[in-house]
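Below is one structure, written out as structure tokens; comments come after it.
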Amino acid sequence: EPKVELIAFHDEPRLHTLLMVDLDEPCEETQSFRENLHWAVANVPLSRSQSAVGAGSGTVLLPYLPPHPAHGTPAHRYVFAAFEQGDGGQAQIDASAAAVDRATTVRELVEAHGLRPVGLSFVRAAWNESVDSVYRDVLGQPAPRFGAPEPPRADIGPDGRPISTYANF
Numbered sequence: 038e039p040k041v042e043l044i045a046f047h048d049e050p051r052l053h054t055l056l057m058v059d060l061d062e063p064c065e066e067t068q069s070f071r072e073n074l075h076w077a078v079a080n081v082p083l084s085r086s087q088s089a090v091g092a093g094s095g096t097v098l099l100p101y102l103p104p105h106p107a108h109g110t111p112a113h114r115y116v117f118a119a120f121e122q123g124d125g126g127q128a129q130i131d132a133s134a135a136a137v138d139r140a141t142t143v144r145e146l147v148e149a150h151g152l153r154p155v156g157l158s159f160v161r162a163a164w165n166e167s168v169d170s171v172y173r174d175v176l177g178q179p180a181p182r183f184g185a186p187e188p189p190r191a192d193i194g195p196d197g198r199p200i201s202t203y204a205n206f
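Position in the sequence shown (from 1) plus 37 gives the number in our numbering.
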């Protein structure tokens, strides 16, 4: 779970919802991109003296999923958004009634719970070899590959072993 620190400009605690969203999840059906919710925590009390958010803060609506930009996709934008909950930050969100999954959009959450945006930050991430372990170990699936296949290497044989440069005539 990420550790986030938010600066609040009010003295009294108000409840907030924090989201982490991948804006660049490939969608094969539409040949485009879609949002993918990676983390959602509601009922996080924040004030001028309470600014840290970490394990045990608030009510987890959706457990944290590490960034995992697929091989062959452009760099992904991961957005961290903070929202003040309804009724001036006093309204609680009931986790059992929230019905949040990875396909839930930010717009749907804002409309369903009367959220007001109060903070935003983002990072960009691109594929590297370590991303494949997220697919394998966390998601339990093979890592997808997008884009044109890599051309065969002249120094590797069909069995995957290196070809001797002296035997390659």
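Note that CB positions come from ideal geometry on N, CA and C, so glycine has one too.
Quick caveat, the model's predicted, so the values are computed rather than measured.
- Looking at the DSSP output, H108 bridges to R182.
- Distance check between N73 and each of P179, S158, P106 places P106 closest, using alpha-carbon atoms only.
- With a cutoff of 8 angstroms on beta-carbon distance, H75 and L102 are scored as near each other.
- The alpha helix (DSSP H) runs lying completely inside the region 122-175 and spanning 4 residues or more are 123-126, 132-135, 143-150, given in chain order.
- Listed as beta-bridge partners of P63 by DSSP are F70.
- DSSP places L102 in the coil class of the three-state scheme, outside both helix and strand.
- At a Cβ-Cβ threshold of 8 angstroms, I130 and H113 do not count as neighbours.
- Taking C-beta atoms as the reference points, F183 and P82 fail to come closer than 8 angstroms.
- With fewer than 16 other beta carbons inside 10 angstroms of its own, E148 counts as exposed.
- Contact annotation: Q122 and L99 have beta-carbon atoms that are not nearer than 8 angstroms.
- Nearest C-alpha to A135 among D169, V160, V97, S69: V97.
- Between P111 and A162, the C-beta spacing is not below 8 angstroms.
- Taking each of Q127, V78, V58, R144 in turn and checking the Cα distance to S133, the smallest one comes out for V78.
- Here A89 carries a strand assignment [DSSP, helix/strand/coil].
- The Cβ atoms of F120 and T54 sit closer than 8 angstroms to each other.
- DSSP lists L83 as the bridge partner or partners of R51.
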